[in-house]
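Here the protein sequences come in this chain order: Y and L. So for the first sequence, my numbering puts the first residue at 1; every next one is plus one. So for the second sequence, my numbering puts the first residue at 264; every next one is plus one. Even glycine gets a Cβ: it sits at the ideal position worked out from N, Cα and C. Below is one structure, written out as structure tokens, with a few remarks after it.
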Amino acid sequence: MRLVEIVVLIAIALAIAFLITVGFKYIIPLTSVRKIAEFYLYATYNSFKLENYTAMSPEAVTAIVWDFRGLDTLFETSVFYLALIAGLALTRGLIIERAESSGYGLSVIVKTVTRITAPMIVAVGASIALHGHLTPGGGFQGGSVIAVLPMVLIVVFSAGFLVLRGVTTSKLIIMRSLGLFGIGLTAIVVFLAGLATSVPAYVFQNMIKPGTGVSMPSHISGVLISGTLWFFNLFEMFAVAAGFSIAFIALMLAKTLETEKGD
Amino acid sequence: MIPGETGIYLLMAVVSLISVIAVYMAVKERDLVRAVIYSALQSGLYTVLYFLLLAPDIGLVYIPVAVGLIPGVLLILISKTERWEKE
């Protein structure tokens with residue numbers, strides 16, 4: 001039995017190696033850029049020749065995710081929100097949020113190191129999210145980095161640590177809803193401005209487009225914010241970080257209640 | 264001397280091979296906690312692949328989700344159920 005397993009493993013490894021060796025000529029990405037990629041690279045940050053089509057963001061991925069195909073990303077965010085609502089509905093009635101003594105957890109060394117690294121995690125996450133229109137990253141990336149922090153705190157301190165500090169699931173749901181509200185508002189803010197000044201404008205419009213009269217500002221006091229992209233990243237960061245934190249707190253507290261019932 | 268591009272593809276091939284082995288170990292492992300760790304190892308190797316394939320955006324979301332959050336949730340769920348896989 002053991003020999004069979006080893007043979008299977010070697011066969012898999014050889015197959016992958018064979019594929020990589022033979023596919024060397026075919027799998028390798030082309031050195032030339034495809035037509036559609038050429039268009040995106042040309043239009044992403046081009047205020048000189050394409051001032052009616054550009055997204056004014058040096059980061060092509062964020063420009064595509066939140067500008068060129070912004071509606072898709074909006075629905076992805078709502079799918080995540082609905083999944084979270086379903087998860088919370090499963091643990092409904094199992095969560096009792098009350099303060100418990102914080103004498104549990106790992107050793108003092110681990111706790112101290114966690115206290116030092118906790119602000120760093122938040123800083124890295126915020127940096128990834130808020131620079132999402134300049135460097136690789138974005139709202140979802142930054143938000144999930146920040147969401148690692150509640151998990152670390154729950155493991156290192158105790159299941160009720162966050163609740164003891166006032167971070168309850170209802171507050172996190174409010175934070176998540178505010179993030180989603182901000183995303184929705186950013187999506188229609190140019191449209192509303194167009195309505196107010198009675199010039200044509202689109203929903204999900206970022207920079208000025210042909211046939212419209214209003215535009216998001218690409219710079220605020222000389223700092224590049226790429227119009228809606230910075231706001232989308234900011235609100236998405238809050239929504240994702242709060243969403244993952246709700247899941248962890250709900251799972252952990254539902255567990256404590258279950259063990260108490262068993263006693 | 265290996266030229267730079269070939270070296271990168273060679274590194275990608277090695278990383279993919281190790282990740283395949285990690286997946287195999289994760290599937291065959293009866294101890295679910297160790298299976299979760301093998302799965303996280305595979306995710307970490309995939310992050311290297313994403314980085315080498317010039318997709319750092321995916322890499323940035325893959326590290327916290329696949330190495331941090333999903334193993335965390337799985338470990339919580341394992342602690343609520345059973346650690347050893349039965350026949």
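Below the 8 Å Cβ cutoff, chain L contributes K291 as neighbours of E5 (chain Y), in chain order. Between T212 (chain Y) and A196 (chain Y), the gap from beta carbon to beta carbon reaches 8 Å or more. In the three-state DSSP reduction, L224 (chain Y) falls in the strand class (E or B). At a cut-off of 8 Å between beta-carbon atoms, Y287 (chain L) makes contact with chain Y. I121 (chain Y) places its beta carbon less than 8 Å from that of I146 (chain Y).
Counting only runs that start and end inside the segment 45 to 97 of chain Y, there is no beta strand (DSSP E) element of at least 3 residues.
Any Cβ of chain L closer than 8 Å to the Cβ of P136 (chain Y) would place that residue at the interface, and such an atom is present.
DSSP places P119 (chain Y) in the uninterrupted alpha helix (DSSP H) bounded by 108 to 130. As computed with DSSP, H219 (chain Y) is found in a beta bridge with Y:L224. Using beta-carbon distances, S302 (chain L) does not count as an interface residue toward chain Y, since no partner is under 8 Å. Of the residues assessed, P150 (chain Y) falls on the buried side of the cut-off, its CB having 16 or more other CB atoms within 10 angstroms.
The shortest CA-to-CA distance from A242 (chain Y) to any of Y:K171, Y:V124, Y:A129, Y:I20 is the one to Y:K171.
Burial is judged here by how many other beta carbons sit within 10 angstroms of a residue's own beta carbon; E236 (chain Y) has at least 16 and is buried. Taking a beta-carbon distance threshold of 8 Å, V156 (chain Y) does not count as an interface residue toward chain L. Under the Cβ distance rule, S78 (chain Y) does not count among the residues neighbouring chain L, no pair being separated by less than 8 Å. Taken atom to atom, the span from the alpha-carbon of L308 (chain L) to that of A193 (chain Y) is near 47 Å.
For D320 (chain L), the nearest beta carbon of chain Y is closer than 8 Å to its own beta carbon. Taking the C-beta atoms as reference points, S57 (chain Y) is found nearer than 8 Å to T44 (chain Y). For V283 (chain L), at least one C-beta of chain Y is nearer than 8 Å to its own C-beta.
For a Cβ distance threshold of 8 Å, residue set L280, V283, I284 of chain L lies close to A13 (chain Y), ordered along the chain.
With a 10 Å radius around the Cβ and a threshold of 16 neighbouring Cβ atoms, S245 (chain Y) comes out buried. Inter-segment contact for the segment 128 to 140 of chain Y and the segment 310 to 330 of chain L is present: three or more beta-carbon pairs are separated by less than 8 Å. Within 9 Å of the CB of F68 (chain Y), no CB atom of chain L is found; the nearest one sits about 15 Å away. Contact annotation: in the segment 239 to 252 of chain Y, residues whose CB is within less than 9 Å of a CB in chain L are F244, A247, F248, L251, M252. Interface flag for V324 (chain L) against chain Y is set, since a Cβ pair is found closer than 8 Å. A residue is called buried once 16 or more other Cβ atoms fall within 10 Å of its Cβ, and P334 (chain L) is buried on that count.
Assignment of beta-bridge partners to W347 (chain L) by DSSP yields L:D294.
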